[in-house]
Amino acid sequence: MKPLLLAVDSGNTRVKWGLHDGRNWLMQGVAAQGDTVQLEREWGDLCEPSRVVISNVAKVGIKASLSELLARWKAEPQWITAVPYQCGVRNYYSNPAQLGSDRWAALVAAWVLERQGCLVVDAGTAMTVDALSDTGEFLGGIITPGIDLMQKILVEDLGSLESGDGKFCDYPDSTADALYSGAMHAMAGAIERMATLLAGTLGRMPECILSGGAAQQLQPQLNVNVKVMDNLVLQGLLAIARETSETASGGAAASPEDSIGN
1 MKPLLLAVDS GNTRVKWGLH DGRNWLMQGV AAQGDTVQLE REWGDLCEPS
51 RVVISNVAKV GIKASLSELL ARWKAEPQWI TAVPYQCGVR NYYSNPAQLG
101 SDRWAALVAA WVLERQGCLV VDAGTAMTVD ALSDTGEFLG GIITPGIDLM
151 QKILVEDLGS LESGDGKFCD YPDSTADALY SGAMHAMAGA IERMATLLAG
201 TLGRMPECIL SGGAAQQLQP QLNVNVKVMD NLVLQGLLAI ARETSETASG
251 GAAASPEDSI GN
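Going by full-length UniProt numbering, the letters in the sequence shown line up with residues 1 to 262, in that order.
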């Protein structure tokens, strides 16, 4: 049997995971953050991975609970942190390790897939919009509340507003629709402004690589070229794992085509 890699994206609200055999994802799953019962059930049926690579941006206690679940296997988990240079991406954060491991993995995946400058957007609990140059430099990025968090903040801080299931409208005529549409406009506007800024650097309008739970909702509202990619962080973890494996064995770095599986 081929060596198996378990990649885990532990985010603020969900845990995504995938089991890869070196060519394809054999299984993938998602659980609510903290739902150890579901992860216990799903991982209990997996073939034992030879490597485990994790991005965790949740609370410290989550890392401890994940470690307990992963202790069933011999492989020592590799907890990813952002570094100054990896997989062709250069990190210009003033403190490289301060960049979230999920953002770093997404940037790596986008670079390996595109090999040109682009915007990397993760529309989750928070939305991140990060800029890559044509030479793989992470130029910087922004963080805003995601669609649900943006509405929640307004409802909780302004007692006169009531939450509800809103929809996107050009001219909302209810509070629920106004909250939802406002959040969508704010997120789309942030992405489009960043696209304009990056266009000035690249000399062309960049493509937007969009992922995250709100990607499908957000895509129709964007006036930029968009490519929706599911599980971008998992793809980045796969590329990072392959490069670190090649480095450890003294072999050549994997080619772009080999670094991202199907």
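We put the beta carbon where it would ideally sit given N, CA and C, even for glycine.
Keep in mind the model is a prediction, meaning the values are calculated, not measured.
Check, Outcome
"Cβ-based burial, SER55 [other Cβ within 10 Å; buried from 16]", "buried"
"Three CB pairs or more closer than 8 Å across the stretch 34 to 42 and the stretch 74 to 82", "no"
"Option in THR144, LEU210, VAL89 with minimal Cα separation from GLU137", "VAL89"
"Where GLY236 falls: helix, strand or coil (DSSP)", "helix"
"Presumed contact (8 Å Cβ cut-off) between ALA110 and LEU210, rounded CB distance", "Incorrect: roughly 10 Å between the Cβ atoms, too far for contact."
"Opening and closing residue of the beta strand (DSSP E) in which ALA31 lies", "25 to 32"
"Spatial distance of SER259 from VAL155 (CA atoms)", "For SER259, the predicted structure reports a pLDDT of 41, less than 50, and the residue's modelled location is therefore unreliable. The matter cannot be settled from this model."
"Cα-Cα separation, CYS47 to ALA199", "46 Å"
"Rounded straight-line distance, which links the Cα of ASP165 to that of LYS59", "29 Å"
"Backbone CA spacing between THR201 and ASP134 [nearest angstrom]", "9 Å"
"Buried versus exposed call for ARG103 [16 or more other C-beta atoms within 10 Å across all chains shown]", "buried"
"Cα-Cα separation between VAL83 and LEU179, rounded to whole angstroms", "38 Å"
"Rounded distance between the beta-carbons of LEU237 and ILE191, thought under 8 Å", "Not confirmed; about 24 Å, so no contact."
"Residues near LEU232 in its chain [Cβ-Cβ closer than 6 Å; skip 5 each side]", "ALA106, ALA109, SER211"
"THR244 to LYS167 span [Cα, whole Å]", "45 Å"
"Whether SER127 touches VAL121 by CB criterion (9 Å)", "Just to set this straight, residue 127 is Met in the shown sequence, not Ser. Result yes, Cβ atoms of MET127 and VAL121 sit closer than 9 Å."
"Inter-residue Cα distance where the pair is GLN219 and ASP130", "17 Å"
"Beta carbon of GLY18 nearer than 9 Å to that of ALA7", "yes"
"Burial state of THR196, where buried means 16 or more other Cβ atoms lie within 10 Å", "exposed"
"Cβ neighbour criterion (16 or more within 10 Å) applied to ALA153", "Residue identity check: residue 153 is Ile in the sequence provided, not Ala. It counts as exposed."
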